[in-house]
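Note sheet for the following structure.
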Amino acid sequence: MKSKKMNAKKLARLGLLTALALIIYIVELRLPDIAPIPGMKLGLANIVTVCALFTFSPKETALILYARIILGSIFASNPSAILYSISGGTLCLVGMALLRKHFSKKSIWLCSVYGAALHNIGQTAAAVFIMRTTAVLAYLPILIFFACISGALTGLTAQFIILRTNKKY
Amino acid sequence: MKTKRILFILAAAVFLISGIISVYLLFLRPKPEKVRITSDGETLYVLEPAREEDRLITVEYEGRENVIEIKDGRVHMLKADCPDHICIETGWLDNGLPIICLPNRLVIEYEDGRTDAAAG
């Protein structure tokens, strides 16, 4: 009985985080592009993923991530983006989940750097597969370079949130 | 603690190496003469923009159109029916980076000798 109550509580928290991630994702779409490079984004929604990963289990984080990706691409009416997001997001999440135990709460930002770089690798792999050309690989170094910067910044944001909200939100 | 240091150094290395490769691709890579236009994995045109007359090329994919312009020996995307217009903002094809329209699966890239020999 008690565990069921916990589940409902957790479900509500996960739902809230999903809603938050979705809002950040939609707002980010309205921001102008940083550079005319396909696939380049700040990845602000990753803040929620990183926060969730260091608070909940990888499985629960995956639920938030996939709900955000699927709903996000429906709301943004950009169904072609879903495959890139899913492959990038999956690689990012798997990588961060594996590396999670090596990072303390003060080096979350570094974990996020790896996540961001892996996200771009996954995205580019999907693009090679979908576009059936290796031309897209030319963008990978630039994407990874900026992913390191944006990943560190979003990770730092997540780190501050986690350090200053000691309780599970 | 030790793993953390290794991971930090690895991330720094990835950052620096990707930066160096980016600079090479953006500014230093020699430009081949031929340009290849690919739609959904199939090569539509292989052109030498320096020898082409100024013209427009329209490519259709699933009912959506892209218009490629060749002008003064250079190539760029003039119009696109895609939601993001990143391919238009990329501008002229004048460095190692190809012009890519992800939604319409169109690629305009320099053709280097290596792929040319493989195709021939």
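Same order as they appear, the protein sequences are chains A and H.
When we follow the working numbering, the leftmost residue of the first sequence carries the number 14, and every step to the right adds one.
When we follow the working numbering, the leftmost residue of the second sequence carries the number 131, and every step to the right adds one.
Don't be surprised by glycine CBs; every beta carbon is placed ideally from N, CA and C.
Owing to the predicted nature of the structure, the values given are computational and were not obtained by experimental measurement.
The three-state reading of DSSP puts ILE47(A) in coil, since its state is none of H, G, I, E or B.
Using a Cβ-Cβ distance cut-off of 8 Å, the segment 148-164 of chain A and the segment 146-153 of chain H are in contact, since at least three pairs of beta carbons, one from each stretch, lie closer than that value. Taking a C-beta distance under 8 Å as the contact criterion, HIS132(A) and ALA160(A) qualify as a contact pair.
Under a 10 Å Cβ-count criterion, LYS22(A) is classified as exposed, with fewer than 16 other Cβ atoms of the shown protein chains found around its own Cβ. Between the beta-carbon of LEU236(H) and that of SER93(A) there is about 13 Å, and that puts the pair past the 8 Å contact cut.
At a beta-carbon threshold of 8 Å, the residues of chain H lying near ALA151(A) are LEU155, GLY226, LEU227, PRO228 and GLU239, ordered along the chain. For the set PRO45(A), LEU57(A) and GLU41(A), the Cα lying nearest the Cα of ALA129(A) is the one of LEU57(A). Distance from the CA of GLU41(A) to the CA of PRO49(A), rounded to the nearest whole angstrom, comes to 15 Å. With respect to the 8 Å criterion, PRO213(H) and ASN91(A) are classified as neighbours on the basis of their beta carbons. Each residue's CA atom was taken as its position, placing TYR175(H) and ALA139(A) some 24 Å apart. Under the three-state reduction of DSSP, ALA210(H) is assigned to strand. Under the three-pair Cβ rule at 8 Å, the segment 134-147 of chain H counts as touching the segment 106-123 of chain A. Residue contact with chain H for MET109(A): absent (no Cβ-Cβ distance below 8 Å to any residue of chain H). Cβ-Cβ separation between LEU35(A) and ARG81(A): approximately 5 Å, consistent with a contact (criterion under 8 Å).
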